[in-house]
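Right, one structure below, let's go through it.
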Amino acid sequence: MKTKTIFVCTKCGATHPKWQGQCAGCEEWNSLEEASVPRKGTQFTSGYGEGYSGALTAITRLSEVKAQASQRTSTGMAEFDRVLGGGLVPGSVVLMGGDPGAGKSTLLLQMAGKLASREPCLYVSGEESIQQIAGRAVRLGMADSQINLASLTSVGQIAEVVQRERPEIVVIDSIQVVHADDVESVPGSVTQVRECAARLTRLAKQQDCTFVLVGHVTKEGNLAGPKVLEHIIDCFVMLDSPPGSRYRTLRGVKNRFGAVNELGVFAMTDKGLREVLNPSAIFLERSGEPAAGSVVTVTWEGTRPLLVEIQALVDDVQGGYPRRVAVGLDAQRLAMHLAIMHRHCGVSLADQDVFANVTGGVRVGETAVDLALLVAVYSSFRNRPLPRDLVVFGELGLTGEIRPVPNGQERIHEVQKHGFTRVLAPTANRAKRPIAGIEVAFVKTLSDALDTLSNMLG
Ligand code: TYD
Ligand code: MG
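Residue numbers (this note's numbering): 10 to 467.
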């Protein structure tokens, strides 16, 4: 097969005919890598253009197709299943990304251990020896597990073993060390990773078995070729490990068989990863004394609410221009909120540095935290603590209005379950029937909200 050389961006997947220092797609520097692809027209000589094989291609009317409810295999861990949208789908390929040390190998070995008693499971490790895996299995209390282990890195050999053993579930740890002998490129390069993932995907569909591929995130924070893999795989989940925390969050990034906004929470213990079934409780471990700049909010992660604490610190500018730093939150939105507060409530923080953080290392992308973030900033600015039994949520609009959020009632129910008694929420989220045991102050605009708060500040 004739091939030609192109240059692929390892960050966004854009292709370029020539090497250049900066990617034209995502403007990243030094991210291009050489790759070879088949020349157009080498396989298809029919003259009808690419993709026409000459054979009669059958078409089917949608209404005549019997939809198959895909049967799912439970991973044995409810948190993992939820992120996958209910379990593993046979014939699908799941990519698990995460930093080195996040616990990907641990989580997948535990999953394989739980599955192996029910169905044949193959764990292929190219990074660790079989003895090392066995040592870890002993530590995880699964020494007598029925998992089949293999230490392989050649995609051809992996295919051979899979065709012979016919496992239901195959774990490949990791895709970056797997290589195809007939591809001239080092393991871990875009060309190798893409080719190997494509071959394994074909194998998965052929054998109707599930592949779980491990992918390390590189120093720059991108999975070597996440974009180049994204269209090949069916499901992409990320295992995040906040620095210094023993909690790990598993989040769906792409899922062909379910929603992607689910969040699974695990804790790393000396016996491996343990599921955290009530994550609100851990993200809310607060110190005893009320402190200025701290407020609890309730976010909606996939199908369930999660209570988290937002902290803010407002301080006189330390030289130069005022800083706006947000950890676990959107810094752009923080700057926007400060402008709204200035324009509509006359509170200026132009000569103040503003820092905001979500405790516990969770990342919150929802706009429903807008109001809580600004309330925390306001409390820190006034240096007055908020009541400990208060929870705040709502989206902020540029005109200073507080906009409704989805699942408002469910959020208030969750707040009440955790023993809070007061809520500040958008007027448009008012329910027909009030919820017993909880006092909700509904607010329409940001200045309403700050007025209500002024009466509550300690
Ligand atoms: P690992 O699964 O090897 O991470 P990855 O495959 O994502 O690179 O996890 C490594 C970390 O987990 C390591 O720092 C040790 C820790 N660990 C525990 O704390 N307890 C355990 O039982 C195990 C197996 C690992
Ligand atoms: Mg590993």
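Glycine included, every Cβ here is placed at the ideal spot set by N, Cα and C.
query, result
"First and last residue of the uninterrupted alpha helix (DSSP H) at K123", "113–125"
"Own chain, CB closer than 8 Å to T210, minus 5 neighbours either side, in chain order", "V102, F220, I241, I242"
"Contained beta strand (DSSP E) runs [length at least 3] in the region 379–446, N- to C-terminal order", "399–401, 431–435"
"Within 7 Å, strictly: CB atoms of L433 and V401", "yes"
"Presumed contact (8 Å Cβ cut-off) between S40 and T19, rounded CB distance", "5 Å"
"Beta-carbon gap between I470 and L124 smaller than 7 Å", "This structure cannot settle anything about residue 470, because the visible part of the chain is limited to 10 through 467."
"Neighbourhood of V147 by C-beta, 7 Å cutoff - its chain only, sequence neighbours within 5 removed", "none"
"Local Cβ density within 10 Å of L315, reported as buried at 16 or more and exposed below that", "buried"
"Proximity below 7 Å, CB of E318 to CB of L272", "no"
"Residue span of the beta strand (DSSP E) that contains K214, given as start and end", "First-last for K214: 199–216, but that is the alpha helix (DSSP H), not the beta strand (DSSP E)."
"Where F477 falls: helix, strand or coil (DSSP)", "With the chain represented from 10 up to 467, any question about residue 477 goes unanswered, as that position is not in the structure."
"Proximal residues to K263 (C-beta, below 7 Å), its chain only, five neighbours per side dropped", "E239, C244, F245, V269"
"Proximity test, S134 beta-carbon vs ligand 2 heavy atom, cut-off 6 Å", "no"
"Distance between beta carbons of R257 and M247, contact taken as under 8 Å", "Not confirmed; about 10 Å, so no contact."
"M345, enclosing beta strand (DSSP E) - first and last residue", "Counting along the chain, M345 falls outside any beta strand (DSSP E), though it belongs to the alpha helix (DSSP H) covering 340–354."
"Enclosing beta strand (DSSP E) for V307 [first to last residue]", "303–310"
"Cβ-based burial, N366 [other Cβ within 10 Å; buried from 16]", "buried"
"Pairwise C-alpha distance: F16 and E193", "15 Å"
"Near ligand 2: S357 beta-carbon under 6 Å from a heavy atom", "no"
"Range covered by the alpha helix (DSSP H) that runs through L455", "455–465"
"When P176, I167, I178, E174 are compared against D190, the one with the closest alpha-carbon", "I167"
"Cβ separation of G409 and H353, assumed to be a contact under 8 Å, to the nearest whole Å", "3 Å"
"Where T308 falls, given that 16 or more other Cβ within 10 Å makes a residue buried", "buried"
"Inter-residue Cα distance where the pair is N438 and D457", "15 Å"
"Neighbour-count burial assignment, Y330, 16 or more Cβ in a 10 Å radius", "exposed"
"Cβ-based neighbour list, V285, same chain, cut-off 8 Å, excluding 5 preceding and 5 following", "E88, Y256, V274, F275, A276, I291"
"Meets three-Cβ-pair contact criterion under 8 Å: the region 336–354 and the region 413–432", "no"
"Helix, strand or coil at D243 [DSSP, three-state]", "coil"
"Cross-strand partners of V367 (DSSP beta bridge)", "I319"
"For T100, the nearest candidate out of A143, W38, D182, V171 (CA to CA)", "One detail in the question is off: residue 100 reads as Gly in this sequence, not Thr. Residue V171 is the option with its Cα nearest to G100."
"Contacting residues, own chain, Cβ-Cβ under 7 Å from Q52 (five flanking each side not counted)", "A caution first: Q52 carries a pLDDT of 48, below 50, which makes its placement in the model unreliable, though a value can still be read off. None."
"Distance, R145 Cα to V356 Cα", "56 Å"
"Close beta carbons around Q155, own chain, < 7 Å, minus the five adjacent residues each side", "A125, S126"
"Whole runs of the beta strand (DSSP E) within the region 71–109, excluding any shorter than 3 residues", "102–107"
"Opening and closing residue of the beta strand (DSSP E) in which A276 lies", "272–278"
"beta-carbon M120 near ligand 1 non-hydrogen atom, thresh 6 Å", "no"
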